[in-house]
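Take a look at the structure below.
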């Protein structure tokens, strides 16, 4: 994958409908030499931190990537769209969104790319993912405050 | 005869059993796990879902513990990603497919044949000396769609399957409606319970 990439895989609505693989919005054919390597990037997620799940339908992982010694975040999201397949189950998808600042940005990118193929995420899941990002910032804030208190305490002892 | 499955687990051995649940999309794999674990699994498995170890209890104090496993999506990409490791790591393989589609849709039939061929080849390559004919079972789901023609449908599907190179793994089979708890219960007893049904 090059920089600024998004990778999205959408399960076909029936056994006979081909699954969709999109790299930066461009459809990748099942016969493309890179197809399975791209698929691997979506399913091999065990080394990354699980940041959010509802236990059942969706799970979000966060990873870190280094390109030319520059660090960037990416998110892997596995879930189901609002739309259903031929037997009434929500259509599954997997996405890997790179070079984003936070989950909220990744979700926006996912929504935008899904829309082109007529798919939309569940509003409740979007809300949960965006809320989580705020929670992550909140945690960082708490760590920062505690760190400052510790530093002040140490300084007071020294001085 | 709508099934031919012998109990594949020696209930006295005390070991835990590894079960690989493979098959076509929308064929009942997740329903099977939900039934066995008595838990509602993800409604639609995208990639894979972890299934924790669980124990099945039967009359006369018999019990079978199924090791940790994974419930994988039926999409084609997962064949290369998971099939080989799942076949190698487990003692038994259950392969689910829609019998109605197998009989009516040549494209579906080819996909099922191709997967079974992969399973057979993989077993032969990696499990030398272990006879796959009693370890691989075909679970032909959506039997309800055949109406009163279950028997003919089953016979026709078996004729087609047994004309292939992987015929050795077509000896154990059952035709089933995965929406019917009684039928799932029969399969469970047949596979793990040790008694005939």
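Residue numbers (our numbering), protein chains in the order written: chain A, 1 to 159; chain B, 1001 to 1197.
Backbone N, C-alpha and C fix where the C-beta goes; we use that ideal spot for every residue, glycine too.
None of the values given here were measured: they were computed from a predicted structure.
1. Beta-carbon of residue 1033(B) versus every beta-carbon of chain A: anything under 8 angstroms?
2. Taking any Cβ of chain A, which residues in the segment 1059-1088 of chain B have a Cβ under 7 angstroms from it, in chain order?
3. Of all Cβ atoms in chain D, is any one closer than 8 angstroms to the Cβ of residue 1101(B)?
4. Are the CB atoms of residue 108(A) and residue 13(A) within a distance shorter than 8 angstroms?
5. DSSP state of residue 93(A), grouped into three classes?
6. From the DSSP output, read off the bridge partner residues of residue 59(A).
7. Could you tell me the boundaries of the alpha helix (DSSP H) in which residue 34(A) lies?
8. Interface residues of chain A around residue 1114(B) at Cβ under 9 angstroms?
9. Could you check which residue in 1139(B), 1033(B) and 1052(B) has the C-alpha nearest to that of residue 1170(B)?
10. According to DSSP, is residue 112(A) part of a helix, a strand, or is it coil?
11. Of the choices 145(A), 16(A) and 119(A), whose alpha-carbon is the least far from that of residue 1104(B)?
12. Would you kindly work out how many angstroms separate the C-alpha atoms of residue 147(A) and residue 20(A), rounded to a whole number?
13. Please return the same chain residues whose Cβ sits closer than 6 angstroms to the Cβ of residue 65(A), not counting the five positions on each side in sequence.
14. For residue 119(A), go through chain B and note every residue whose CB falls closer than 8 angstroms to its CB, in chain order.
15. Determine, for residue 1117(B), whether the minimum Cβ-Cβ distance to residues of chain A falls below 8 angstroms.
16. Here's the rule I'm using: 16 or more other beta-carbon atoms within 10 Å means buried, otherwise exposed. How should residue 1173(B) be labelled?
17. Given a limit of 8 angstroms on CB to CB distance, which residues of the segment 39-51 of chain A reach chain B?
18. Which of the three DSSP states, helix, strand or coil, is assigned to residue 7(A)?
19. Indicate the three-state DSSP secondary structure (helix, strand or coil) for residue 1193(B) in the structure shown.
20. Could you compute how far the alpha carbon of residue 1066(B) sits from the alpha carbon of residue 1037(B)?
21. If you measure beta-carbon to beta-carbon, which residues of the segment 1013-1029 of chain B are closer than 8 angstroms to chain A?
22. Out of 1090(B), 1019(B) and 1025(B), which one is the CA nearest neighbour of residue 1111(B)?
23. Give the DSSP-derived three-state secondary structure of residue 153(A) in the structure shown.
24. Residues in its own chain within less than 8 angstroms of residue 49(A) by CB, not counting five upstream and five downstream?
25. Nearest-angstrom Cα distance between residue 1064(B) and residue 1056(B)?
26. Who are the near neighbours of residue 1087(B) in its chain, counting only those whose CB is closer than 7 angstroms to its CB and skipping five residues on each side?
27. Please list, in chain order, the chain B residues whose beta carbon lies closer than 8 angstroms to that of residue 82(A).
28. Can at least three beta-carbon pairs, one atom from the segment 1152-1159 of chain B and one from the segment 1185-1193 of chain B, be found at a separation below 8 angstroms?
29. Look up residue 1137(B) in the DSSP assignment and say whether it is helix, strand or coil.
30. List, from N- to C-terminal side, the beta strand (DSSP E) runs of 3 residues or more that fit wholly inside the segment 1045-1116 of chain B.
31. Can you name the start and end residues of the beta strand (DSSP E) that residue 23(A) belongs to?
32. Suppose you measure from the CA of residue 156(A) to the CA of residue 142(A); what does that come to, to the nearest Å?
33. By the DSSP assignment, the beta strand (DSSP E) with residue 1185(B) in it spans what residues?
34. Residues of chain A with CB under 7 angstroms from residue 1107(B), in chain order?
From the atom records:
1. No, no contact with chain A.
2. When C-beta distances to chain A are compared with 7 angstroms, the residues of the segment 1059-1088 of chain B below that value are 1073, 1075, 1077, 1080 and 1081, in chain order.
3. Among the protein chains in the structure shown, which are A and B, there is no chain D.
4. The Cβ atoms of residue 13(A) and residue 108(A) lie no closer than 8 angstroms to each other.
5. Of the three classes helix, strand and coil, the one that applies to residue 93(A) here is strand, per DSSP.
6. Under DSSP, residue 59(A) forms a beta bridge with 53(A) and 78(A).
7. Counting along the chain, residue 34(A) falls outside any alpha helix (DSSP H), and DSSP gives it neither H nor E.
8. None at all; the shortest Cβ gap to chain A is about 13 angstroms.
9. Nearest C-alpha to residue 1170(B) among 1139(B), 1033(B) and 1052(B): 1139(B).
10. Looking at residue 112(A) - three-state DSSP - the assignment turns out to be helix.
11. The shortest C-alpha separation from residue 1104(B) is found at 16(A).
12. For the pair residue 147(A) and residue 20(A), the Cα-to-Cα distance works out to about 47 angstroms.
13. So the list reads 72 and 74, once near-sequence residues are dropped.
14. The contacting residues do not exist; residue 119(A) stays about 13 angstroms from chain B at best.
15. Between residue 1117(B) and chain A, the shortest Cβ-Cβ separation is not below 8 angstroms.
16. With 16 or more other Cβ atoms within 10 Å, it is buried.
17. Within the segment 39-51 of chain A, the residues whose Cβ lies closer than 8 angstroms to some Cβ of chain B are 39, 40, 42 and 43, listed in chain order.
18. Here residue 7(A) sits in strand by DSSP.
19. If DSSP states are grouped into helix, strand and coil, residue 1193(B) belongs with the helices.
20. Residue 1066(B) and residue 1037(B): Cα-Cα distance of roughly 10 angstroms.
21. Those residues of the segment 1013-1029 of chain B that come within reach of chain A (Cβ to Cβ, closer than 8 angstroms) are 1024, 1025 and 1026.
22. The closest CA to that of residue 1111(B), considering only 1090(B), 1019(B) and 1025(B), is found on 1025(B).
23. Reduced to three states, the DSSP call for residue 153(A) is helix.
24. 61, 62 and 63.
25. Distance between the alpha carbons of residue 1064(B) and residue 1056(B): 5 angstroms.
26. Hits under 7 angstroms: 1020, 1093, 1119, 1122, 1123 and 1126.
27. The CB of residue 82(A) never comes closer than 8 angstroms to any CB in chain B; the least such distance is about 12 angstroms.
28. Not touching, per the Cβ criterion.
29. Residue state, collapsed to three classes: strand.
30. Here the runs fully enclosed are 1048-1051, 1054-1057, 1063-1066, 1069-1072 and 1092-1098.
31. DSSP places residue 23(A) in the uninterrupted beta strand (DSSP E) bounded by 20-23.
32. Distance from the CA of residue 156(A) to the CA of residue 142(A), rounded to the nearest whole angstrom, comes to 21 angstroms.
33. In the DSSP annotation of this structure, residue 1185(B) is not part of any beta strand (DSSP E); the continuous alpha helix (DSSP H) holding it starts and ends at 1181-1188.
34. Result: 16.
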